[in-house]
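Remarks on the structure that follows.
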Amino acid sequence: MIIALTGGIGSGKSAALQAFAELGWKTLSADQICHDIYRDDLDFIDQLYQHWGDTIFSMKGVIDRKAVAKIIFTQPDELKWLNSLLHPMIRQVADKQFTATPEDDYIFEVPLLYECGWEKDFSAVICVWSEASLIRKRLLNRGLNDDEISRRMANQLPADQKLERADFALINNGSLANLYAQCEILTNQIKGKLWK
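For the sequence shown, the numbering used here begins at 1 and goes up steadily by one.
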């Protein structure tokens, strides 16, 4: 069984994924796969270089993700181009992992699940949701400014719509302990409904 975990930026998806890992699930993160591609996939790196030149590289010769973010979150066509490269690569890596261990049950964190149209490919969807004021506070604490936050949120399906479309919800307006407790309850519910 493979369950997708989604939610808006800053909602607490990574914290929920960690909780599910501690509860015995195999976990996989589309964001981590993306980081690995940026770091290790020479063909991908070359495509970025051919498209954007050396302006996206740090002094150490690695891709500067902040430089890429400046481009893609101000130019929608550039974001579309990048996603057309990344999304199939992420999916290929994930599917390879799932195929290699078909006996394992996974929680797969996919921030842009609905935007990619992948929701039908999973046994169920869990959405992590938080109040907008809490999300903004978390993102400001990560070093993003108000303009960056607004641009990134504009490129995602609104959090309320993700919540409405999901099979299960985690409401992350409290402590990490509260989120963990919800993940534990949800694990027991899923075992009862889907692990028959």
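Cβ atoms here follow ideal geometry from the backbone N, Cα and C, with glycine treated the same way. Every value quoted in this text rests on a predicted model; they were computed, and no experiment measured them.
Beta carbon of Phe168 nearer than 8 angstroms to that of Ile2: Contact: no.
Identity of the residue in Leu28, Leu5 and Leu139 nearest Asp95 by Cα: Leu28
Where Gly12 and Val93 are concerned, what is the direct C-alpha to C-alpha distance, given to the nearest angstrom? 23 angstroms
Taking the straight line between their C-alpha atoms, what separation do you get for Asp121 and Leu134? If I take the Cα positions, the gap works out to 31 angstroms.
So what's Leu170 in DSSP terms, helix, strand or just coil? Three-state DSSP puts Leu170 in a strand.
Between the Cα of Tyr114 and those of Lys162, Met89 and Gln97, spot the shortest distance and give me the residue it belongs to. The shortest CA-to-CA distance from Tyr114 to any of Lys162, Met89 and Gln97 is the one to Lys162.
Across the stretch 7 to 25 and the stretch 174 to 185, are there enough close Cβ pairs to call them in contact, namely three or more that are closer than 8 angstroms? Judged by Cβ distances under 8 angstroms, the stretch 7 to 25 makes contact with the stretch 174 to 185, as three or more pairs qualify.
Let me know the secondary structure DSSP gives Glu109 once reduced to three states. strand
Going by beta carbon distance, what residues of the same chain come within less than 7 angstroms of Leu157, once the five residues before and after it are set aside? Tyr114 and Glu115.
Which class does Val128 belong to by DSSP, given the choice of helix, strand or coil? Reduced to three states, the DSSP call for Val128 is strand.
Consult DSSP for Phe122 and reduce its assignment to one of helix, strand or coil. Looking at Phe122 - three-state DSSP - the assignment turns out to be coil, as it is neither helix nor strand.
Spatial neighbours of Thr55 within its chain, please: C-beta separation below 7 angstroms, excluding the five flanking residues on both sides. Ala67
Helix, strand or coil for Thr6 per DSSP? strand
Could you tell me whether the Cβ atoms of Ala4 and Glu103 are closer together than 8 angstroms? no
Residues bridged to Ile63 [DSSP beta-bridge criterion]: Phe57
Assign Val62 to one of two classes, buried (16 or more other C-beta atoms within 10 Å of its C-beta) or exposed (fewer than that). By the neighbour-count criterion, in which 16 or more other beta carbons inside 10 Å mark a residue as buried, Val62 falls on the exposed side.
Within the stretch 78 to 105, note down every full alpha helix (DSSP H) run reaching 4 residues or more, in order along the chain. none
Along the beta strand (DSSP E) that carries Ser29, what are the first and last residues, could you check? Following the DSSP letters along the chain, one finds Ser29 inside the beta strand (DSSP E) bounded by residues Lys26 to Ser29.
Determine the DSSP secondary structure at Leu144, reduced to helix, strand or coil. In the structure shown, the three-state DSSP call for Leu144 is coil.
Are the Cβ atoms of Leu82 and Ile90 separated by less than 8 angstroms? no
Can a CB atom of chain B be found closer than 8 angstroms to the CB of Lys60? Here there is only one protein chain, and chain B is not present.
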